[in-house]
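Chemist:
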Amino acid sequence: MTDLKKLTIEKAHELLVNKEVTSLELTEYYLANIEKLNKDLNIYIEVFEDCKTQAMEADKRIAEGKMLGVLDGIPLALKDNILIDGKIASAGSNILKNYRATYDSTVIKKLKEAGAVFLGRTNMDEFAMGSSTENSAYGVAKNPIDKSRVSGGSSGGSAAAIAADMAVATLGSDTGGSVRQPASLCGIVGLKTTYGSVSRHGLIAMGSSLDQIGPLTRSVEDAEILFNAIKGYDAMDSTSVEYPALIDLPAGGKRIGIPRGFVGEGIAADVLKNFNDTVEKLKSKGYEIVDIDLPNIKYSLPVYYVIMPAEVSTNLARMDGVRFGLHVDGANLFEDYSKSRGIGFGREVRRRILLGAYVLSAGYYDAYYKKAMDVRELIRGDFARVFSGPDRVSAVITPTTLSPAFKIGEKTTDPLAMYLEDIFTVSANVVGIPAISIPSGFVERDEVSLPLGFQIMAPHFREDILFKIGKDVS
Ligand code: GLN
Numbered sequence: 164m165t166d167l168k169k170l171t172i173e174k175a176h177e178l179l180v181n182k183e184v185t186s187l188e189l190t191e192y193y194l195a196n197i198e199k200l201n202k203d204l205n206i207y208i209e210v211f212e213d214c215k216t217q218a219m220e221a222d223k224r225i226a227e228g229k230m231l232g233v234l235d236g237i238p239l240a241l242k243d244n245i246l247i248d249g250k251i252a253s254a255g256s257n258i259l260k261n262y263r264a265t266y267d268s269t270v271i272k273k274l275k276e277a278g279a280v281f282l283g284r285t286n287m288d289e290f291a292m293g294s295s296t297e298n299s300a301y302g303v304a305k306n307p308i309d310k311s312r313v314s315g316g317s318s319g320g321s322a323a324a325i326a327a328d329m330a331v332a333t334l335g336s337d338t339g340g341s342v343r344q345p346a347s348l349c350g351i352v353g354l355k356t357t358y359g360s361v362s363r364h365g366l367i368a369m370g371s372s373l374d375q376i377g378p379l380t381r382s383v384e385d386a387e388i389l390f391n392a393i394k395g396y397d398a399m400d401s402t403s404v405e406y407p408a409l410i411d412l413p414a415g416g417k418r419i420g421i422p423r424g425f426v427g428e429g430i431a432a433d434v435l436k437n438f439n440d441t442v443e444k445l446k447s448k449g450y451e452i453v454d455i456d457l458p459n460i461k462y463s464l465p466v467y468y469v470i471m472p473a474e475v476s477t478n479l480a481r482m483d484g485v486r487f488g489l490h491v492d493g494a495n496l497f498e499d500y501s502k503s504r505g506i507g508f509g510r511e512v513r514r515r516i517l518l519g520a521y522v523l524s525a526g527y528y529d530a531y532y533k534k535a536m537d538v539r540e541l542i543r544g545d546f547a548r549v550f551s552g553p554d555r556v557s558a559v560i561t562p563t564t565l566s567p568a569f570k571i572g573e574k575t576t577d578p579l580a581m582y583l584e585d586i587f588t589v590s591a592n593v594v595g596i597p598a599i600s601i602p603s604g605f606v607e608r609d610e611v612s613l614p615l616g617f618q619i620m621a622p623h624f625r626e627d628i629l630f631k632i633g634k635d636v637s
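Adding 163 to a residue's 1-based position in the sequence shown gives its number in our numbering.
Now the structure itself:
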C-alpha cells in the first residue's frame, strides 16, 4: 500500500495520475484519521456525508482519461465561513448554527470546476474573531502537536487539519492574520492574498476592507496551486480586481527589508534567534538583507482594532434573528432582535459590535474611525516608500508571531494579550498587500518542540515574490 502520510497536493496528484491511489482511497484515509482523532482535537465541525461520492466522481473522470487538472480528486477542507450550496456554514457561531447556504461562494465554484473533493468544514473563532479558536461556539480546536495548546486562529481548524493529517490542504480567511498565525502555530504554510485578488463573494464577512480567503498548505508550491485556482476578477465582488502586468524587480528581486526597530520588541529570545537564523539562510541563498524604517507600522494594531470592529458592527447588523439563522421570540420586535443577538452571539463578538458602534457613533467618528483611516494611509505610505524608489526592496520580512502556540486558556481572560498575537500580521491587511507565513523551525516549551513561522510581505499583486523567496528557504 502506498504511504499516504502528509501528502502535498503535488504528491497526491502524482499518485492519482500514476494510478497508485484513487481519490476514494485518499478520502477514506482522511476520514479514518478524522474518525480517530477528531473527537479529542475538535478540528472538524462537520464531515460532509457526500465526500465519498465526490471522490468517486473524480475517480470516474480520471479512469476515463478526463482528469480536470492538479486539483481533481484532491480532498480539501474549508473554514466554516465559506459557503457551499446546500451545506451549513455557521462561521463558528450559534446564531448561524443551522444556516444552510443557498449558493456556492466563488472560490467553491472554482474549486468544484477544478474537481476538488470537500471533506468538511473546520472549526474557527466565531465570525473569525480571535487568535485561538477559543471563541468558537463549538469549543477550541486543539493543536495536534501539543493538545494542551491552541492551534491559533481564527482559521485554527483549517491549520490543525493539516498538522493532524486530516486533509491535503485547506482554505481559511485572513482579516488580521487568521491564516498566517495558525499556520505558524501548526508548522505549515499560510497565504494571505492581495486584497481584491480572491473573490469574497460567499465568504461570511468580518471586516470587508480587510478580509481575504487564503490557502493553508504543507508546501509553498501547494499554496501557489490553490492561489492560482481561486484567484481572479469576479463581477460578484465589487472590490475584486484584475492583475496588472508585472514589472521587473530591482536587484533581481533579491533585496529584502527588515523593520528592525519593530521586530525586536516583546519577542522571546529563542524566537528572535529563530528569525535571525532564517535571515542567515536567506543571505546564504544570495539575498541582500537591509534594515528599513516603517515609522508608522507600530500603529497597525490599534488602527486595525478600530477599523475592524467598525466594519464588524456594520456587517453583523444583518444577523437580526429575522433574515438568517437563530430566532428567539420576545415581547416585541426590538426584543426579538436583542434576544436573538444576545443569545446567538458570543462574548467576543458582542464586545466588538459594541466597540464598532462606539467608534462609528456621532461625536466619536472623527476621534476614532476617521483618525484610524488617516493613519491607515500613513502606513500604506510607509510600505509604498520601501517598495518604490532606487533603494527599494522586493519584500519585507518579520517573524509571524511573538511566540509559539500558547496554552489553552492562557489568554482568554485578557483580550489585549490575545490581540497582540496579530502584531506582525495585521499590517498586510491594513495595507492590502500579500503576505505568507512559512515554517522556520522549532523552539522548546515544556520539553515539547513547537513550530514557528516567519512572514514575508510583498507589494500588491506580487504573490510571485512570496512564492519565489518561500521556495528558496523551504
Ligand atoms: N486575530 C485577529 C482578530 O481577532 C485576526 C482575525 C482574522 O484574521 N480573522 O481579529
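Glycine included, each C-beta is placed from N, C-alpha and C at the ideal position.
Just so it is clear, the structure is predicted and the values come from calculations on it, not from any experiment.
Grab the span of the beta strand (DSSP E) containing residue 233 for me, first residue to last.
Modeler: Segment: none, residue 233 is in no beta strand (DSSP E) and carries neither H nor E.
Chemist: Which term fits residue 285, buried or exposed, when burial requires 16 or more other beta carbons within 10 angstroms of its beta carbon?
Modeler: By the neighbour-count rule (16 or more Cβ atoms within 10 Å), residue 285 is buried.
Chemist: Whole-angstrom Cβ separation of residue 649 and residue 503, contact assumed at under 8 Å?
Modeler: Outside the shown range of the chain, which is 164 to 637, sits residue 649, and nothing can be said about it.
Chemist: Can residue 293 be considered in contact with ligand 1, in the sense that its beta carbon sits closer than 7 Å to one or more heavy atoms?
Modeler: yes
Chemist: Does the stretch 433-451 touch the stretch 605-618, meaning 3 or more C-beta pairs lie closer than 8 Å?
Modeler: yes
Chemist: Alpha carbon to alpha carbon, how far is residue 499 from residue 322? Give it in angstroms, no decimals.
Modeler: Using only the alpha carbons, I get a separation of about 37 Å.
Chemist: Threshold first: 4 residues or longer. Then list the alpha helix (DSSP H) segments lying entirely within the stretch 300-384, N to C.
Modeler: 319-326, 343-349
Chemist: Measure how close the beta-carbons of residue 287 and residue 243 come, nearest whole angstrom, since I'm counting them as under 8 Å.
Modeler: 5 Å between Cβ atoms; contact.
Chemist: So which of 509, 601, 542 has the shortest CA-CA distance to residue 259?
Modeler: Comparing Cα positions, the closest option is 509.
Chemist: With burial defined as no fewer than 16 other Cβ atoms inside 10 Å of the residue's Cβ, what is the status of residue 610: buried or exposed?
Modeler: With fewer than 16 neighbouring CB atoms inside 10 Å of its own CB, residue 610 falls in the exposed class.
Chemist: Taking only heavy atoms of ligand 1 into account, decide whether any of them is closer than 7 Å to the Cβ of residue 620.
Modeler: no
Chemist: Does the distance from the C-beta atom of residue 618 to that of residue 561 stay below 8 Å?
Modeler: yes
Chemist: Beta-carbon within less than 7 Å of residue 158's beta-carbon, same chain only, minus the 5 sequence neighbours each way: which residues are those?
Modeler: A question about residue 158 goes unanswered here, because the residues of the chain that appear run from 164 up to 637.
Chemist: At the level of alpha carbons, what is the spacing between residue 386 and residue 630?
Modeler: 8 Å
Chemist: Looking at residue 585 and ligand 2, is the gap between the Cβ and the nearest heavy atom below 7 Å?
Modeler: As far as ligands go, the structure on display features ligand 1 and does not contain ligand 2.
Chemist: Just to confirm, does residue 337 get its C-beta within under 7 Å of one of the non-hydrogen atoms of ligand 1?
Modeler: Distances taken from the Cβ of residue 337 to the heavy atoms of ligand 1 include one shorter than 7 Å.
Chemist: Tell me whether residue 488 is buried or exposed, calling it buried when 16 or more other Cβ atoms sit within 10 Å of its Cβ.
Modeler: buried
Chemist: State the CB to CB distance for the pair residue 420 and residue 549, rounded to an integer number of angstroms; the pair is presumed to be in contact (CB under 8 Å).
Modeler: 6 Å
Chemist: Taking all protein chains shown into account, decide if residue 297 is buried (16 or more other Cβ within 10 angstroms of its Cβ) or exposed.
Modeler: By the beta-carbon neighbour count (other beta carbons within 10 angstroms, threshold 16), residue 297 is buried.
Chemist: On the DSSP letters alone, give me the boundaries of the beta strand (DSSP E) that residue 501 sits inside.
Modeler: Not the beta strand (DSSP E): residue 501 falls in the alpha helix (DSSP H), residues 496-507.
Chemist: Pairs of beta-carbons, one from the stretch 387-396 and one from the stretch 346-365, closer than 8 Å: are there three or more?
Modeler: yes
Chemist: Would you mind working out which of 371, 336, 204 sits nearest residue 302, comparing C-alpha positions?
Modeler: 204
Chemist: Report the option in 477, 168, 439, 196 whose CA atom is closest to the CA atom of residue 184.
Modeler: 168
Chemist: Quick one: grab the DSSP three-state call for residue 451.
Modeler: strand
Chemist: So the candidates are 290, 495, 601, 194; which of them puts its Cα closest to the Cα of residue 331?
Modeler: 194
Chemist: When the Cα atoms are used, what is the spatial distance from residue 416 to residue 440?
Modeler: C-alpha separation (whole angstroms): 21 Å.
Chemist: Measuring only the C-alpha atoms, how far is residue 375 from residue 446?
Modeler: Whole-angstrom Cα-Cα distance: 31 Å.
Chemist: Go to residue 591, then tell me how far its alpha helix (DSSP H) extends in each direction, as first and last residue.
Modeler: Looking at the DSSP string, the run of the alpha helix (DSSP H) that includes residue 591 is 589-594.
Chemist: Can the beta-carbon of residue 578 be found closer than 8 Å to that of residue 596?
Modeler: For residue 578 and residue 596, no; Cβs fall outside 8 Å.
Chemist: Please classify residue 553: is it buried, with 16 or more other beta-carbons within 10 angstroms of its beta-carbon, or exposed?
Modeler: exposed
Chemist: To which residues of the same chain is residue 407 closer than 8 Å at the C-beta, ignoring the five residues directly before and after it?
Modeler: 624
Chemist: Got a sec? Which residues, its chain only, sit under 6 Å from residue 402 by beta carbon, not counting five neighbours each side?
Modeler: 359
Chemist: On the DSSP bridge assignment, give the partners of residue 613 in chain order.
Modeler: 606
Chemist: With distances taken between CB atoms, is the gap from residue 305 to residue 317 smaller than 8 Å?
Modeler: no
Chemist: For a test of your reading of the model: does the CB of residue 519 fall under 7 Å from any non-hydrogen atom of ligand 1? Yes or no.
Modeler: no
Chemist: Taking the DSSP output, what are the residues bridged to residue 598?
Modeler: 355, 620
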